[in-house]
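*Asks:* I'd like to ask you about the structure that follows.
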Amino acid sequence: MRLLVRRGVILAALVCGIMVVGCRRVFAVESVVNTGYGVFGQSILLLRNAWPKVSQLLRVFKEQGLILAVLLGLSAFFSMAETSITTLWPWKVRELAEKEPENGVFKMLRSDVTRFLTTILIGTTVVNIGATALVTDAATAIFGEAGVSAATGVMTVAILLLTEITPKSIAVHNATEVARFVVRPVAWLSLVLYPVGRVVTYLSMGMLKLLGLKGRSEPYVTEEELKLMLRGAILSGAIEEEEQDMIENVLEIKDTYVREVMTPLVDVVAIDASSTLIDFHNLWVTHQYSRVPVFEQRVDNIVGIAYAMDLLDYVQKGELLESSTVGDMAHKPAYFVPDSMSVWNLLREFRIRKVHMAVVLNEYGGTVGIVTLEDVVEEIVGEIFDENDSKEEIQKKTGYIVMRAQGVYDVDANTSIDQLSEDLNIKMPEGHQYETVSGFICEAFGYIPRTGESVKVVLEKENMEEVDEYNEDGESERKDQKDKETHQVFKLEILAGNARKVSAVRFERIDGEDDASKMKEVTRVVPKIIKRKCSSDDDEYLFPRRPESDLSDDYPSDQNEDIHIGGGDEQ
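First residue of the sequence shown: 1, per the UniProt record's numbering; consecutive thereafter.
Laid out in structure tokens, this is it:
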């Protein structure tokens, strides 16, 4: 209550001040200007001369004050209606519309929001002009030409405080409640003003077309707006972080491709079509897979899918387990999909075809892996495990990052690049074509390294601005300081691997002046490799040639080299 009284006093003081400033020409009399009068006498004389006009002003306010109050009230109503409708989230409008009957007002709002806004703007314009004209007419009748200045000042303050700022502030903080209150009257008024509103709408649409823009009656929510809403919901405690991750995964699934979620062919457990059902049973006991790809002659020549559940049909007939082959019971043909197919389309095809496994092909028709319904679901809810998954299988599927010491991490080669970047606070090079640490390691070395080999790389820190390219004309000392702040040096040591694949690698952060100083000679190029500016004598240092013994599976593992890797602009 005290706050309201205080605001009323401030508002009255502002109005009185503006009236005095605007009407000073009216109240000015010659006797006041006379320096012979004292301050008290001037005040008495001012009030005596002003009283006839004040009494006339009160008489006019008594006659037209109610009309002015109605006009200002309607203006405040339209301001609240406009703000509540534009502030209300489109999904909330849809929710309110679904709770209404067929011809509900929120259904009208959802289908033609332009009609409502046009009605509101017409109403706001009419009542504001009417109120201003009423006050100006009364002021000029009392004060003459000076009344225009007084009316302008008074109506400016009144419209701003009473019909704009206060109503819109209320509507912003109570959008849903205000919308429920104002939508129905605005809908009724839109029927009355329909002809005028339709003409105004056509004119506005024509102007939009001239500007090359497209009008849209029904409000919509963009993906970025939806993500912003999710962040706000987390901050307010409406949803959990896991729920936000799931919703964002659903939004991103259309931009995720099969190649990113599939099981690569080298990790696929498959069975020869000529194998007996006993072999299939033994394979099932070992791996506990409900579906197994069936191949002929070569593992990349998959012809069908064998279901472990089908083995139950042969249990009662023991002789068939030895005489029948997996090819006889396999479901043929297998369902093939390209690796460039989106996961969203794959999920739709799984539902239509009622299958749970597909064979993934590259652009040349070669088999590169398999993808299952579980892989698709895991893109939304995260990794799914059951009681049969061992610790080794879980690590193989998800990868791991173990901190051995300060700045020393043991990383599984199957770990995703995104997880590595997050845990080590590094930024992967732009334009990379790999998804796992294994691909990153092969690119850093330039070949498939063996156990014991190591390499030093320079990576950008996450959330740091990129440093300008090396300036050959000078300023190397200042750039060296920036590089130290935005980059960090890692030593990569292969812990496990073979001639075909890297299995585990150690990331060791190096904090040394010697290593950081080498970055003065670095030039950034896209997509991945950063080459040093050097003479021809340094070529062997930058791009060491593997000895002939390296071409065999038993090549020595004492090769150590320094390569700089990072993102940046293409030169």
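Quick reminder that beta carbons are idealized off the backbone N, C-alpha and C, glycines included.
Rank S149, R404, A133 and A175 by C-alpha distance to the C-alpha of L71 and give the top, closest one.
*Replies:* Within the sequence shown, numbered from 1, the residue matching residue 71 stands at position 71. Minimum Cα distance to L71 is reached at A133.
*Asks:* Return helix, strand or coil for G407, following the three-state DSSP convention.
*Replies:* Counted from its first residue, the sequence shown places residue 407 at position 407. Three-state DSSP puts G407 in coil, outside helix and strand.
*Asks:* How far does the beta strand (DSSP E) with S503 in it extend, from its first residue to its last?
*Replies:* Taking the first residue of the sequence shown as 1, we reach residue 503 at position 503. Start and end: V502 to I510.
*Asks:* What residue range is occupied by the uninterrupted beta strand (DSSP E) comprising D329?
*Replies:* In the sequence shown, the residue the question calls residue 329 occupies position 329. Note that residue 329 corresponds to Met in the displayed sequence, not to Asp. First-last for M329: V326 to M329, but that is the alpha helix (DSSP H), not the beta strand (DSSP E).
*Asks:* What residue range does the beta strand (DSSP E) around residue 596 cover?
*Replies:* Shown here, the chain extends from 1 to 571; a query on residue 596 therefore has no answer.
*Asks:* Measuring alpha carbon to alpha carbon, tell me which residue in V371, E240 and L226 is nearest L251.
*Replies:* Taking the first residue of the sequence shown as position 1, residue 251 is located at position 251. The candidate whose alpha carbon is nearest that of L251 is L226.
*Asks:* Within the same chain, show all residues whose beta-carbon is closer than 7 Å to that of V105, passing over the 5 residues directly before and after it, in chain order.
*Replies:* Here residue 105 is taken as the residue at index 105 of the sequence shown, counted from 1. Result list for V105: V183, R184 and A187, in chain order.
*Asks:* Going by Cα to Cα distance, which pick from M80, L265, G212 and G197 is closest to N362?
*Replies:* By one-based count along the sequence shown, residue 362 stands at place 362. Measuring from the Cα of N362, the nearest candidate turns out to be L265.
*Asks:* Considering just the uninterrupted stretch of the alpha helix (DSSP H) at I122, what are its terminal residues?
*Replies:* Here residue 122 refers to the residue found at position 122 when the sequence shown is read from its first residue. Note, I122: alpha helix (DSSP H), V113 to F143.
*Asks:* Which same chain residues, not among the five before or five after E260, have their C-beta less than 7 Å away from its C-beta?
*Replies:* Working through the sequence shown from its first residue, we reach residue 260 at position 260. Here the set comprises E435.
*Asks:* According to DSSP, is D339 part of a helix, a strand, or is it coil?
*Replies:* Taking the sequence shown and counting its residues from 1, the one referred to as residue 339 is at position 339. Coil.
*Asks:* In terms of alpha-carbon separation, which member of R298, P293, V315 and Q316 lies closest to residue 584?
*Replies:* Missing from the structure shown is residue 584; the chain here goes from 1 to 571 and no further.
*Asks:* Can you tell me which of the three DSSP states M428 falls into?
*Replies:* Along the sequence shown, read from residue 1 onward, the residue named residue 428 stands at position 428. M428 falls in the coil class under three-state DSSP.
*Asks:* According to DSSP, what are the bridge partners of D272?
*Replies:* As a working mapping, residue 272 is identified with position 272 in the sequence shown. Answer is F295.
*Asks:* Does the stretch 376-385 come within contact of the stretch 238-251, defined as at least 3 CB pairs closer than 8 Å?
*Replies:* Short answer: they touch.
*Asks:* Tell me the rounded alpha-carbon separation between M262 and D310.
*Replies:* The sequence position of residue 262 within the sequence shown is 262, counting from 1. The sequence position of residue 310 within the sequence shown is 310, counting from 1. One C-alpha to the other measures close to 25 Å.
*Asks:* E383 by DSSP, collapsed to three states: which one?
*Replies:* One-based indexing of the sequence shown puts residue 383 at position 383. In this structure, E383 counts as coil in the three-state DSSP scheme.
*Asks:* So, with DSSP's three-state summary, where would you put A499?
*Replies:* Here residue 499 refers to the residue found at position 499 when the sequence shown is read from its first residue. Coil.
*Asks:* Check each candidate in T166, I278 and N249 and name the one with the smallest Cα separation from L320.
*Replies:* Along the sequence shown, one-based indexing puts residue 320 at 320. That would be I278, whose Cα lies nearest to the Cα of L320.
*Asks:* So, helix, strand or coil for D562, using DSSP?
*Replies:* Looking up residue 562 in the sequence shown gives position 562. Because the pLDDT at D562 is just 43, under 50, the model does not fix this residue reliably, and the value given afterwards should be weighed accordingly. The answer is strand: DSSP assigns D562 an E or B state.
*Asks:* Enumerate in chain order the residues of its own chain whose CB-to-CB distance from V200 is below 6 Å, with the five nearest sequence positions on each side excluded.
*Replies:* Position 200 of the sequence shown, counted from the first residue, corresponds to residue 200. Correct list, in chain order: T118.
*Asks:* Exposed or buried, which one is Y364 when buried takes at least 16 other CB atoms within 10 Å?
*Replies:* Indexing the sequence shown from 1 puts residue 364 at position 364. By the neighbour-count rule (16 or more Cβ atoms within 10 Å), Y364 is not buried but exposed.
*Asks:* Note the first and the last residue of the continuous alpha helix (DSSP H) segment covering K461.
*Replies:* Looking up residue 461 in the sequence shown gives position 461. Where K461 is concerned, there is no enclosing alpha helix (DSSP H), although the beta strand (DSSP E) it sits in stretches over S454 to K461.
*Asks:* Can you tell me which of T125, E322, T86 and A131 puts its alpha carbon nearest to the alpha carbon of L109?
*Replies:* In the sequence shown, residue 109 corresponds to position 109, counting from 1. Minimum Cα distance to L109 is reached at T86.
*Asks:* What does a CB cutoff of less than 6 Å around M155 pick up in its chain, not counting 5 residues either side in sequence?
*Replies:* Looking up residue 155 in the sequence shown gives position 155. These residues qualify, in order along the chain: T132 and V135.
*Asks:* Could you have a look at L346 and say whether DSSP puts it in helix, strand or coil?
*Replies:* Counted from its first residue, the sequence shown places residue 346 at position 346. Here L346 sits in helix by DSSP.
*Asks:* Using a Cβ-Cβ cutoff of less than 7 Å, which residues in the same chain neighbour T176 once the five nearest sequence positions on both sides are dropped?
*Replies:* Sequence index remark: in the sequence shown, residue 176 carries index 176 (1-based). Excluding residues within five positions, the ones whose Cβ falls inside 7 Å are L88 and K92.
*Asks:* Determine, using beta-carbon pairs with one atom in the stretch 205-214 and one in the stretch 342-352, whether at least three such pairs fall under 8 Å.
*Replies:* Counting Cβ pairs under 8 Å, fewer than three are found: no touch.
*Asks:* For the alpha helix (DSSP H) containing Y194, name the first residue and the last one.
*Replies:* Counting from one through the sequence shown, the residue named residue 194 turns up at place 194. Its alpha helix (DSSP H) spans residues Y194 to L210.
*Asks:* How many angstroms separate the CA atom of Y335 from the CA atom of H432?
*Replies:* Here residue 335 refers to the residue found at position 335 when the sequence shown is read from its first residue. Here residue 432 refers to the residue found at position 432 when the sequence shown is read from its first residue. Cα to Cα, the separation comes out at about 30 Å.
*Asks:* Which class does V355 belong to by DSSP, given the choice of helix, strand or coil?
*Replies:* Taking the first residue of the sequence shown as position 1, residue 355 is located at position 355. It is coil, neither helix nor strand.
*Asks:* What is the DSSP secondary structure of P449, counted as helix, strand or coil?
*Replies:* Position 449 of the sequence shown, counting from 1, holds the residue named residue 449. DSSP places P449 in coil when its eight states are reduced to three.
*Asks:* Give me the residue from Y314, S290, D328 and T286 with the minimum Cα distance to V303.
*Replies:* Walking along the sequence shown from the start, residue 303 turns up at place 303. It is D328 whose Cα lies nearest to the Cα of V303.
*Asks:* Near K491, which residues of its chain fall below 7 Å by C-beta distance, leaving aside the five closest residues on each side in sequence?
*Replies:* Here residue 491 refers to the residue found at position 491 when the sequence shown is read from its first residue. For K491, where only same-chain residues beyond five positions count, the Cβ hits under 7 Å are S454, K456, E508 and I510.
*Asks:* Is DSSP giving K99 helix, strand or coil here?
*Replies:* Position 99 of the sequence shown, counted from the start, is the residue given in the question as residue 99. It is coil, neither helix nor strand.
*Asks:* Please classify A413: does DSSP put it in a helix, a strand, or coil?
*Replies:* Against the sequence shown, residue 413 aligns to sequence position 413. In the structure shown, A413 sits in coil (DSSP, three-state: anything other than H, G, I, E or B).
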